[in-house]
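Line by line, the protein sequences give chains L and X. Under numbering that gives the first Met the number 0, the first residue of the first sequence carries the number 0, and numbering increases by one thereafter. Under numbering that gives the first Met the number 0, the first residue of the second sequence carries the number 0, and numbering increases by one thereafter. Take a look at the structure set out below.
2 protein chains.
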Amino acid sequence: MSDRSDIPSGEDSLIARYFKPLATDLGAFGLRDDAALIKADGHDLVINTDAIVEGVHYLPDDPPDTIARKALRVNLSDLAAKGAEPAGFVLTLALRDVDESWLSAFAQGLGEDARAFGCPLLGGDTVSTPGPVMISVTAWGRVPVGRMVHRFGARPGDRVMVTGTIGDASLGLAVLQGKPAAAALAADPTAREMLIGRYRLPQPRNALAAAVRDVATASIDVSDGLAGDLAKLCAASGVTADIELAKIPTSPATASLLARGATDLEAITSGGDDFEILCTVPDDRRKALTEEALRAGVAVTDIGVIVAGEGVPRFRDAQGRAVTLKRLSFSHF
Amino acid sequence: MSDRSDIPSGEDSLIARYFKPLATDLGAFGLRDDAALIKADGHDLVINTDAIVEGVHYLPDDPPDTIARKALRVNLSDLAAKGAEPAGFVLTLALRDVDESWLSAFAQGLGEDARAFGCPLLGGDTVSTPGPVMISVTAWGRVPVGRMVHRFGARPGDRVMVTGTIGDASLGLAVLQGKPAAAALAADPTAREMLIGRYRLPQPRNALAAAVRDVATASIDVSDGLAGDLAKLCAASGVTADIELAKIPTSPATASLLARGATDLEAITSGGDDFEILCTVPDDRRKALTEEALRAGVAVTDIGVIVAGEGVPRFRDAQGRAVTLKRLSFSHF
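Written out as structure tokens, the structure is:
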């Protein structure tokens with residue numbers, strides 16, 4: 000054989016160079032194998048898959064390390080909402096070409112997040128595409144046997160609780176796209192950066208997974224818009240909800256844009272990319288969640304109540320009047 | 000709320016219509032949840048992820064049911080080579096638009112294969128893309144604890160065994176692309192269809208998973224080219240191999256193209272998409288594999304021997320002379 004054959008192919012070299020250093024879990028076999036092994040003794044594994052596409056879920060000139068983190072974090076957010084502790088993930092990466100500086104930053108961000116969230120890379124596939132970059136992650140996590148928190152299970156009287164703040168990420172995207180919110184924030188670079196950061200870098204609430212598992216009757220991560228995701232939870236649970244719009248938690252930047260008319264409640268509640276946990280909690284367990292959230296440094300807000308009935312949730316303004324939202328959530332199609 | 004809000008979004012409707020009927024496993028919760036649950040008691044789970052991209056791994060006008068089957072089967076092939084029994088999969092589907100007839104055929108093919116291979120769909124994500132369609136599958140399978148078959152483990156003296164036939168799929172692609180093989184087969188539509196079928200529809204050797212687990216010291220699925228995949232197995236095992244090119248199993252159609260000079264051994268051994276199992280077996284266990292293969296109706300062929308040493312495998316012609324292959328396998332980059 001020629002010496003040339005000893006040079007690994009571009010794909011192997013790319014994997015060896017960028018991803019092998021991340022695959023330190025024993026079950027990943029240093030990415031020297033085709034598949035990863037999941038030891039599961041005495042617990043359930045929750046598995047989730049979510050993909051992000053260039054120009055759809057992130058912008059082409061977003062920093063590559065935040066693109067990698069976002070690809071992983073959107074999955075971690077689902078695990079958190081299900082009450083699962085992250086355990087590992089596999090990655091499919093479709094690339095147009097090999098841009099070493101992009102890949103290096105991508106892999107570094109991915110590795111840092113894998114360590115920070117205790118969610119090791121166990122395998123993957125790298126393919127070429129003539130189209131936009133696409134990153135698909137399948138992640139799984141552990142829950143005690145039978146303790147996964149579902150979309151279904153919400154009961155009339157349960158309080159509707161949401162972590163963090165809502166609407167920042169979709170406003171961050173609006174800023175990056177030069178929409179009206181951008182002009183309104185021209186004089187406030189700190190607010191701009193905060194909103195853009197919320198778009199580029201979700202903050203999945205994995206610190207609250209155990210608390211959600213302990214107290215929530217139903218749970219979902221808010222990824223496509225609070226109103227639409229709540230509607231899904233209600234439909235799965237066979238109930239509906241009464242939500243007070245004024246109670247939906249917003250950051251000071253978002254509140255200021257709302258006050259100035261540079262955005263509206265419909266955009267806030269139907270915008271995507273919040274990656275907060277929306278869960279339903281019996282009234283007498285609300286305090287347990289709030290206290291755990293306080294310990295974790297994450298806000299958690301009571302925005303309304305589950306009620307018997309069918310149909311999409313009802314939203315009311317500060318005066319108790321019904322508000323009709325024309326749009327509930329982002330949809331790809 | 001307006002009645003319009005009760006109409007599910009395009010994405011939900013697409014999932015409900017096409018994929019919910021497939022998700023009959025209890026752990027899929029009828030796709031009403033964000034994540035799937037894997038019960039694992041007393042066994043190891045092997046997890047694998049592989050994606051296929053339109054125009055890269057399949058042709059835009061391939062029948063949609065074969066595209067779906069291929070997306071799943073390329074993953075099943077990895078599980079078979081690892082000695083694992085298929086247990087479930089999740090799917091990420093990136094689409095430019097919603098073409099109902101395409102999706103319907105895609106979902107039907109996927110559902111039929113999921114049933115045929117005992118590998119239920121447990122969840123997924125559907126996203127839009129401005130680029131080519133991409134289908135990413137993460138599949139997992141069960142092996143008894145500690146019994147996953149690795150790429151490493153081959154020992155000097157082990158026989159190198161391969162299932163089925165090699166080279167058909169890459170010739171099928173050549174036919175579809177109108178390359179020289181197409182002209183050579185103009186008068187033989189049966190051979191054309193067979194080769195095209197091998198490209199579009201891999202035949203993963205899951206029937207042999209248990210036998211591979213019982214007798215193989217190392218194993219890999221042949222997806223990027225026999226020569227390159229064998230080189231990977233040898234490198235991982237710290238050995239090399241002596242392969243007799245004339246023993247590499249070919250179909251009558253491929254043998255005829257070879258005889259007529261319409262293809263060559265380099266194209267056969269470095270072409271991708273075979274999805275056969277390449278494994279190493281101690282000499283005294285060879286018979287056990289051959290007998291099990293006979294029962295499963297799958298050919299298995301001894302093509303050479305593992306030898307001590309380093310570097311890429313050595314290939315010899317029928318006269319025992321060394322043959323240098325310029326190219327070992329397909330690489331995306």
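For each residue, glycine too, the CB sits at the ideal point set by N, CA and C.
message: Can you tell me whether X/ALA173 is helix, strand or coil according to DSSP?
response: helix
query: Given 8 Å as the limit, is there contact between the region 82-91 of chain L and the region 135-147 of chain L, that is, 3 or more CB pairs closer than that?
result: yes
- request: Could you check the C-alpha separation between L/THR249 and L/THR268 for me, to the nearest Å?
  value: 10 Å
message: With three or more C-beta pairs closer than 8 Å as the rule, is the region 278-287 of chain X touching the region 209-221 of chain X?
response: yes
- prompt: Is there contact between the region 43-52 of chain X and the region 157-176 of chain X, where contact requires at least three CB pairs shorter than 8 Å?
  reply: no
task: Using the Cα positions of X/PRO203 and L/VAL306, report the straight-line distance between them to the nearest angstrom.
output: 51 Å
Within the region 169-253 of chain X, ranges of the alpha helix (DSSP H) (whole runs, at least 4 residues): 179-183, 188-199, 208-214, 225-236
- request: Spell out the partners DSSP gives L/PHE314 in its beta bridges.
  value: L/ILE242, L/VAL322
field: X/THR186 versus X/GLN318: straight-line alpha-carbon distance, rounded
entry: Sequence inspection shows Ala at residue 186 of chain X; the Thr mentioned does not correspond to that position. Computed Cα separation, rounded: 33 Å.
Under 9 Å from the C-beta of L/SER103: neighbouring residues of chain X: Under the 9 Å cutoff, chain X gives no residues; its nearest Cβ is about 15 Å from L/SER103.
Contacting positions in the region 101-128 of chain L - beta carbon closer than 8 Å to chain X: LEU121, GLY122, GLY123, ASP124, THR125, VAL126, SER127, THR128
query: Quick one: which chain L residues come within Cβ less than 7 Å of X/PRO334?
result: Outside the displayed range of chain X (0 to 332) lies residue 334 of chain X, so it cannot be described from this structure.
message: Looking at the secondary structure, which residues open and close the beta strand (DSSP E) in which L/THR125 lies?
response: 120-127
field: Range covered by the beta strand (DSSP E) that runs through X/PRO100
entry: In the sequence under discussion, the amino acid at residue 100 of chain X is Ser, which differs from the Pro named in the question. Not the beta strand (DSSP E): X/SER100 falls in the alpha helix (DSSP H), residues 99-115.
task: Would you verify that the beta carbon of L/SER135 is, or is not, closer than 8 Å to some beta carbon of chain X?
output: yes
field: Straight-line gap, X/VAL142 to X/VAL45 (C-alpha atoms, nearest Å)
entry: 7 Å
- request: Could you tell me which residues DSSP puts in a beta bridge with X/VAL161?
  value: X/LEU277, X/THR300
field: Distance, X/GLU99 Cα to X/GLU265 Cα
entry: 41 Å
- request: Output, in sequence order along the chain, the residues in the region 49-79 of chain X whose CB is closer than 8 Å to any CB in chain L.
  value: ASP49, ALA50, ILE51, VAL52, GLY54, VAL55, HIS56, ASP77, LEU78
- prompt: Relative to the C-alpha of X/HIS56, which residue among L/GLY237, L/SER127, L/LEU327, L/GLY296 is closest?
  reply: L/SER127
message: Would X/ALA153 and X/LEU256 be called neighbours here (beta carbons separated by less than 8 Å)?
response: no
field: CB contact below 8 Å: L/ASN205 versus chain X
entry: no
Where L/VAL73 sits in the DSSP three-state scheme: helix
- request: Use the C-beta contact count for L/THR262: other C-beta atoms within 10 angstroms, 16 or more gives buried, fewer gives exposed.
  value: buried
message: Looking at chain L, is there any beta carbon in it that lies within less than 8 Å of the beta carbon of X/VAL306?
response: no
message: Is there a C-beta anywhere in chain L that falls below 8 Å from the one on X/ILE276?
response: no
field: Opening and closing residue of the beta strand (DSSP E) in which X/GLU53 lies
entry: No beta strand (DSSP E) contains X/GLU53, which DSSP labels as neither H nor E.
message: By the 8 Å beta-carbon criterion, what residues does the region 159-174 of chain X contribute toward chain L?
response: none
- prompt: To the nearest angstrom, how far is it from the Cα of X/VAL148 to the Cα of L/ASP96?
  reply: 33 Å
message: Tell me which residue opens and which closes the alpha helix (DSSP H) that L/ARG294 is part of.
response: 285-295
message: Taking 8 Å as the threshold (beta carbon to beta carbon), is X/ILE46 in contact with chain L?
response: yes
task: Starting from L/PRO85, follow its DSSP beta bridges and name the residues at the other end.
output: L/GLY140
- prompt: Using a C-beta to C-beta distance shorter than 7 Å, which residues of chain X count as neighbours of L/THR91?
  reply: THR48, ALA50, SER135
query: Among all the DSSP beta bridges, which residues are the ones paired with X/ALA93?
result: X/VAL126, X/MET133
message: I believe X/ILE242 touches X/GLY163 by the beta-carbon criterion, under 8 Å. Please report the beta-carbon distance rounded to the nearest angstrom.
response: Their Cβ separation, rounded to whole angstroms, is 16 Å, which puts X/ILE242 and X/GLY163 out of contact at 8 Å.
- request: Use the C-beta contact count for X/LYS325: other C-beta atoms within 10 angstroms, 16 or more gives buried, fewer gives exposed.
  value: exposed
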